[in-house]
Amino acid sequence: MEAVHGHDHAHDHHGPTGIMKYLTTTNHKDIGSMYLWFSFSMFLLGGAMALVIRAELFQPGLQIVNPEFFNAMTTYHGLIMVFGAIMPAFVGFANWLIPMQIGAPDMAFPRMNNWSFWLLPPAALLLILAQFTPGGPAGVGWTLYPPLTIQQGMSMDLTIFAVHILGMSSIMGSINIITTVLNMRAPGMTLMKMPLFCWTWLITAYLLIAVMPVLAGAVTMLLTDRHFDTHFFNPAGGGDPVLFQHIFWFFGHPEVYIIAIPAFGVISQVIPAFARKPLFGYSSMVYATASIAILSFLVWAHHMYTVGMPVQAQLYFMFATMLIAVPTGVKVFNWVATMWKGSMTFETPMLFAIGFLFLFTIGGFTGLVLAITPVDVQLHDTYYVVAHFHYVMVAGALFSAFAGIYFWLPKWIGKMYDEGLGKLHFWLSFIFFNLAFFVQHFLGLAGMPRRIPDYSLQFTDFNMVSTIGAFGFGLSQLLFLYIILKAIRSGEKAPQRPWEGADSIEWTMLPTPAPYHSFEKPPVIR
Amino acid sequence: MSTASGNALLLRKLVVIAVAMFGFGFALVPIYKKICETAGIYDLQKADRLVNTQVDTSRTLTIQFDANTRDLPWTFRPLQKSVQAHPGEMVHIVYEVTNTAAVDKLGQAIPSYGPQIAGQYVKKVECFCFARQELRGNETRQMPLQFVVDPQLPRDVSVITLSYTFFELPGGKTRGES
Ligand code: HEM
Ligand SMILES: [Cu+2]
C-alpha cells in the first residue's frame, strides 16, 4: 500500500528514500501500512504453522511431525497469531485512521510511533530463532504454563524476551493512541462525536496499558524461576503453578477483548455505511464497550474451572462471565437494528461484516456454554474450546480486519479492489472457515482433547473435514494477497466517496486518496 | 497549555499507570497467598488440625503409597506399599530415603493424590514434606508420615494413592522459613 505514495500525488516530502525512509518515517500512514504488512506476513507464518498442525491431525497416528514439534507448532501458532498478526493489524488501522477521523495532523508522538513499530520485527525474529535453538522449540502452549515452561530449553528464553518486546511495543502504541484521541481532536470534535472506531481504540488502549505490564511481570517471574532460583511457581520452593494461571488470565481475558473491541469498532463503521443509516444507539455502543472492558477484569478464572477452586469462587466467576454477554448482546442488537429497514447493498466489506455478525455470535454462544462451570469441567481443553475461540478470533477479529481493509483501501491508495474477486475471497473464507471449525465443536463434545498430535479412531472423519477446511481457508488468503497487490498495481481509480453511506470525516473532508499529511490545518466540525 | 506540553503530561501519567501495573503483577503474589490463607485453602506445608476423630468402621479404604524423585540422586521408597484403614483411623507409615551421591543435597517432597479429590480429605498430622530435607553424602534416613482420612470422604472413593516426589532445592528457600 505504501508503494503508491510518492508518485500518485505529487506532494513534496523530501527526506530519505528506500529502506531508510521506512526505518525513519514518523508518518502515521507509513507506519500504519508497515503494521499491516508486518501483520499480514505474520499471518502467513502463523497460518503455515496451523497447517502443519492440521496436516498431522488429518489422520490418527503420528505421520508427519514428531510430538515435540507438534507442541511447538501449537505454541508458536498461538503466540504469532495473537501478538504478531491480530494485534498489529488493528494497531495498523489505528495509525491510519485515528488522525484522519478526529481531524489531527498525525499521532501525538510520531517518533515513539516509529519505535513501537520497529520493535516488532526483532520480536518476530526472536520467535523464529526460537525454532532453531539447541533443545528444540518450546512446546508449552501460548499460555506458557509452568511447571513445563520452567523445564524447557533456551527457546523458552527467546520466547519470553519476544513477549517482553511485543508488550513494550503495545504499551507505547497505546500511550500514543490515548494521547492522540484525548488531546489532538479538531475543534468541535467532541468525544461523543468521534467515529466509533476511535472510541473502541481509546478503550482498548487503556486495557492494554492495564494488562500488558501484568503479562510482562508474569513472564519475568517465569524467567527468574528458570534462571535465578526464585520459586514463584515452583512448589518445591513454596511457590504455586496455579498462581501463574491467575496472573496470566488476569492479563489473558482482557487480552481477548483487546482483540475483539477494535474489531467491534470496524464493524460499527462498516455496517452503517452499507445500510445507509446512522449507527443505531451510538451512545449505548460506547457504554457497552466500556462496560465490556471493565467486566473483562473480573472474570479471568473462567479459564481455570478445573484447578480446584472453592465452589463459591467458581459460582462467582460463572455468573460474572455470563454478565458479559449482556453488553455484548447490546452491541449485536444495535448492529442488527442498524441494518433493519436500511437500504442495504452487499459489497465485500459488508459481506465480511455480516459474516462477522453471524459467526461472532455463534462464538459468543459457545462462550456462554463454556462459562457454565459444570459443563466446562467436561469441555475444558477439548476441541470445543478451540472451536469457540476461533469463532471469536478468526470469524470475529480477522473477518472484521478484512472488512476494514476492503472498506478503507480506496481511501488509503486511491484505487478500487476487484469487487468480484473480493466477494469470492469472502465466500471461500466463509465456507472453508466453517468447514474447518464447525466440526471441531462435535469433536470437543465427543471428548477429543486439544494440543495432542494423535487421537482415537472415532474422531477421524471430522478431523479430515477440518483439515480440508483449514487448507482451503489458508489458500484463500493467498487470493486476498493477490487482490490487494492487484488493486495497488492496476486498480481502477477510486471515486471521492466510493461508499455513499460512509460519512465520517476521513470520507467527507479529505480527498481520496488521503494526502500524505492529513489535517495540517484542523478542520471545523459542524 | 500547548498541545505539546499537554501531550507530555499525559504521557507521563500513562507511563506511571503502566509501571504501576507491572508492580501489580508482582503484588498478586502476596495477595494470592493471603487469599489462600484467609480462605483456608489447603496449604501443602502445614500440619492439619484434626476436628472429627470418629472412626467410620463401616468401610475400609486401601491407601497406596508411591515415591519418586526428580533431578536428585536419591532413592526414595515407602517401607509399605499399601495399608488398609478405616476413615478416621490414624495411619502411621515410614518412608526411607538414601542419598546415593557423595555430596550433600537439599530436597523438598511434594504430595499429590489420586483421585485428586482425596487431597482435601487426607489430614496430615506429621509429614516429612512439611520441611525440606537435607541429606549428607550417602546418608540414609527414615521419615515418618502420620495422617487420618476424613470420614467425610465421598463414599465412591475406596482406593487412595498418595504419591510424593522429591525435588532438588538448589539452595532455595521453603515457605516454612520465609
Ligand atoms: C460472550 C462472550 C464470551 C464468553 C462468555 C467466553 C467464555 C469463555 C470461557 C468460559 C473459556 C474457557 C474455556 C476453557 O478453557 O475450558 C473461553 C476460552 C477462550 N476464549 Fe472466550 N468467551 C467469550 C468471548 C470471547 C472473545 C470475544 C474472545 C476473543 C476475541 C475469546 C477468546 C477466547 C480464547 C482465546 C479462549 C481460549 C484460551 C485458551 O485456553 O487457550 N472469547 N472463553
Ligand atoms: Cu476469558
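As you go down the protein sequences, you meet chains A and B in turn. Counting in the working numbering, the first sequence runs without a single skipped number right up to 526 at its last residue. Counting in the working numbering, the second sequence runs without a single skipped number right up to 178 at its last residue. Just so you know, even glycine gets a beta-carbon here, dropped at the ideal spot from N, CA and C.
How is the alpha helix (DSSP H) around glycine 420 of chain A delimited, first residue to last?
Here residue 420 of chain A refers to the residue found at position 420 of the first sequence. That run of the alpha helix (DSSP H) goes 419-445.
Could you tell me which residues DSSP pairs with glycine 107 of chain B in its beta bridges?
Here the question's residue 107 of chain B lines up with position 107 in the second sequence. In the DSSP output, where bridge partners are listed per residue, glycine 107 of chain B has B:Gln133, B:Glu168.
Give every residue of the same chain whose Cβ lies closer than 6 Å to the Cβ of glycine 474 of chain A, excluding the five residues on either side of it in the sequence, and list them in chain order.
Numbered from 1 along the first sequence, position 474 holds the residue referred to as residue 474 of chain A. So the list reads Gly47, Leu51, once near-sequence residues are dropped.
Beta-carbon proximity of aspartate 104 of chain B to arginine 136 of chain B, cut-off 7 Å:
Here residue 104 of chain B corresponds to residue number 104 of the second sequence, with the count starting at 1. Here residue 136 of chain B corresponds to residue number 136 of the second sequence, with the count starting at 1. Yes, the pair counts as a contact, with Cβ atoms nearer than the cut-off.
Based on the DSSP secondary-structure assignment, which residues constitute the bridge partners of proline 449 of chain A?
One-based indexing of the first sequence puts residue 449 of chain A at position 449. Partner residues in the beta bridge of proline 449 of chain A, as assigned by DSSP, are A:Thr382.
Return the chain-ordered ranges of every alpha helix (DSSP H) run that is complete within the segment 70-140 of chain A and spans a minimum of 4 residues.
DSSP runs (the alpha helix (DSSP H)) wholly in the segment 70-140 of chain A: 87-102, 110-118, 120-129.
Which partner residues does glycine 114 of chain B have in the DSSP bridge list?
Locating residue 114 of chain B in the second sequence gives position 114, where the first residue counts as 1. Per DSSP, B:Thr161.
Taking DSSP's pairing of strands, which residues face leucine 70 of chain B in a bridge?
By one-based count along the second sequence, residue 70 of chain B stands at place 70. The question names leucine, yet the displayed sequence has arginine at residue 70 of chain B. As a beta-bridge residue in DSSP terms, arginine 70 of chain B pairs with B:Phe167.
Same chain only: Cβ atoms within 7 Å of leucine 10 of chain B, ignoring 5 sequence neighbours per side:
Here residue 10 of chain B refers to the residue found at position 10 when the second sequence is read from its first residue. Around leucine 10 of chain B: no qualifying Cβ.
Pairing CB atoms from the segment 51-65 of chain A with CB atoms from the segment 479-491 of chain A, are three or more of them under 8 Å?
Flag = no, the segment 51-65 of chain A and the segment 479-491 of chain A do not touch.
Can you tell me whether threonine 17 of chain A is buried or exposed? The criterion is at least 16 other CB atoms within 10 Å of its CB, across all chains shown.
Against the first sequence, residue 17 of chain A aligns to sequence position 17. Exposed: under 16 other Cβ atoms inside 10 Å.
Between the CA atoms of phenylalanine 128 of chain B and glutamine 152 of chain B - distance to the nearest angstrom
Numbered from its first residue, the second sequence carries residue 152 of chain B at position 152. Numbered from its first residue, the second sequence carries residue 128 of chain B at position 128. Going by the C-alpha atoms only, they are around 25 Å apart.
Label asparagine 176 of chain A either buried or exposed according to how many other C-beta atoms from any shown protein chain fall within 10 Å of its C-beta, with 16 as the threshold for buried.
For the purposes of this step, residue 176 of chain A is identified with residue 176 of the first sequence, where counting begins at 1. Under this definition asparagine 176 of chain A is a buried residue.
Quick check on isoleucine 31 of chain B: buried or exposed, where buried means 16 or more other Cβ atoms within 10 Å of its Cβ?
For the purposes of this step, residue 31 of chain B is identified with residue 31 of the second sequence, where counting begins at 1. With a threshold of 16 other beta carbon atoms within 10 Å, isoleucine 31 of chain B falls short and is exposed.
Valine 527 of chain A versus A:Gln131, A:Ile324, A:Phe38, A:His425, residue with shortest Cα-Cα distance:
A query on residue 527 of chain A cannot be resolved here, the shown segment of chain A reaching from 1 to 526 and no further.
Can histidine 390 of chain A be considered in contact with ligand 2, in the sense that its beta carbon sits closer than 6 Å to one or more heavy atoms?
On the first sequence, position 390 is the one that residue 390 of chain A refers to. Because no heavy atom of ligand 2 lies under 6 Å away, the Cβ of histidine 390 of chain A does not count as near it: no.
Check whether the segment 273-286 of chain A and the segment 414-425 of chain A touch, using three or more Cβ-Cβ pairs below 8 Å as the test.
Segments in contact, no.
Taking the straight line between their C-alpha atoms, what separation do you get for valine 163 of chain A and cysteine 198 of chain A?
Indexing the first sequence from 1 puts residue 163 of chain A at position 163. Indexing the first sequence from 1 puts residue 198 of chain A at position 198. Within the model, the alpha-carbon separation for valine 163 of chain A versus cysteine 198 of chain A is close to 26 Å.
Let me make sure I understand the geometry here. Which of A:Ala320, A:Met509, A:Glu500, A:Gly404 has the alpha-carbon closest to that of glycine 92 of chain A?
Indexing the first sequence from 1 puts residue 92 of chain A at position 92. Of A:Ala320, A:Met509, A:Glu500, A:Gly404, the residue nearest in Cα terms is A:Gly404.
Near glycine 119 of chain B, which residues of its chain fall below 6 Å by C-beta distance, leaving aside the five closest residues on each side in sequence?
Your numbering for residue 119 of chain B matches position 119 in the second sequence. If you ignore the 5 residues before and after glycine 119 of chain B, its C-beta comes within less than 6 Å of the C-beta of Tyr113, all in its own chain and listed in chain order.
Opening and closing residue of the beta strand (DSSP E) in which aspartate 121 of chain B lies:
Within the second sequence, residue 121 of chain B is the residue found at index 121, counting from 1. One point to set straight first is that residue 121 of chain B is tyrosine, not aspartate, in the sequence displayed. For tyrosine 121 of chain B, there is no enclosing beta strand (DSSP E), as DSSP marks it with neither H nor E.
Around the Cβ of threonine 159 of chain A, are there at least 16 other Cβ atoms within 10 angstroms (buried) or fewer (exposed)?
Translated into positions along the first sequence, residue 159 of chain A becomes position 159. Buried.
Closer than 6 Å: histidine 246 of chain A CB and nearest ligand 2 heavy atom:
Residue 246 of chain A sits at position 246 when you count from the first residue of the first sequence. Histidine 246 of chain A Cβ: outside cutoff for every heavy atom of ligand 2.
Closest by CA to threonine 373 of chain A, which one among A:Pro511, A:Val307, A:Glu506, A:Leu457?
As a working note, residue 373 of chain A is residue 373 in the first sequence. When each option's Cα is compared against that of threonine 373 of chain A, the closest is A:Val307.
Look at serine 41 of chain A and proline 88 of chain A and say whether their C-beta atoms are less than 7 Å apart.
In the first sequence, the residue the question calls residue 41 of chain A occupies position 41. In the first sequence, the residue the question calls residue 88 of chain A occupies position 88. Taking the C-beta atoms as reference points, proline 88 of chain A is found no nearer than 7 Å to serine 41 of chain A.
Look at the alpha carbon of alanine 288 of chain A and the alpha carbon of glycine 355 of chain A, and state the distance between them as a whole number of angstroms.
As a working note, residue 288 of chain A is residue 288 in the first sequence. As a working note, residue 355 of chain A is residue 355 in the first sequence. Answer to the nearest angstrom: the Cα atoms are 21 Å apart.
Compile a chain-ordered list of the residues in the segment 211-240 of chain A whose CB is closer than 9 Å to at least one CB of chain B.
For the segment 211-240 of chain A, the residues whose beta carbon sits under 9 Å from a beta carbon of chain B are, in order, Val211, Met212, Pro213, Val214, Leu215, Ala216, Gly217, Ala218, Thr220, Met221, Asp229, Thr230, His231, Phe232, Asn234, Pro235, Ala236, Gly237, Gly238, Gly239, Asp240.
Is it right to say histidine 92 of chain B is buried, meaning 16 or more other beta carbons lie within 10 angstroms of its own, or is it exposed?
Sequence index remark: in the second sequence, residue 92 of chain B carries index 92 (1-based). With fewer than 16 Cβ atoms within 10 Å of its Cβ, histidine 92 of chain B is classed as exposed.
Can you give me, in chain order, the residues of the segment 49-83 of chain A that have a beta carbon less than 8 Å from any beta carbon in chain B?
So the list is empty, because no residue satisfies the distance condition.
When you compare only the Cα positions, how much space is there between lysine 33 of chain B and asparagine 114 of chain A?
Indexing the second sequence from 1 puts residue 33 of chain B at position 33. Indexing the first sequence from 1 puts residue 114 of chain A at position 114. If you draw a straight line from the Cα of lysine 33 of chain B to the Cα of asparagine 114 of chain A, it is about 41 Å long.
For threonine 345 of chain A, is the classification buried or exposed, using 16 other Cβ atoms within 10 angstroms of its Cβ as the cut-off for buried?
Residue numbering aside, residue 345 of chain A sits at position 345 when the first sequence is read from its first letter. Threonine 345 of chain A comes out exposed.
Assigned exposure category for glycine 12 of chain B - 16 Cβ within 10 Å defines buried
Residue 12 of chain B sits at position 12 when you count from the first residue of the second sequence. The amino acid occupying residue 12 of chain B in the given sequence is arginine; glycine does not appear at that position. That one is exposed.
Examine chain B for any beta-carbon lying closer than 7 Å to the beta-carbon of tryptophan 460 of chain A, and answer yes or no.
As a position in the first sequence, residue 460 of chain A is number 460, starting the count at 1. Looking at the sequence itself, residue 460 of chain A is threonine, so the reference to tryptophan does not match. Taking Cβ atoms only, chain B never reaches closer than 7 Å to threonine 460 of chain A, which makes this a no.
Three or more C-beta pairs closer than 8 Å, one from the segment 133-141 of chain A and one from the segment 180-192 of chain A: is that the case here?
The count of Cβ pairs closer than 8 Å, one atom from the segment 133-141 of chain A and one from the segment 180-192 of chain A, stays below three, leaving the stretches out of contact.
Taking only the alpha-carbon atoms, compute the straight-line gap between valine 394 of chain A and proline 87 of chain B and give it to the nearest angstrom.
By one-based count along the first sequence, residue 394 of chain A stands at place 394. By one-based count along the second sequence, residue 87 of chain B stands at place 87. Linking valine 394 of chain A to proline 87 of chain B through their CA atoms gives a straight-line distance of about 52 Å.
Three-state class that DSSP yields for isoleucine 41 of chain B in the structure shown:
Your numbering for residue 41 of chain B matches position 41 in the second sequence. Here isoleucine 41 of chain B sits in coil by DSSP.
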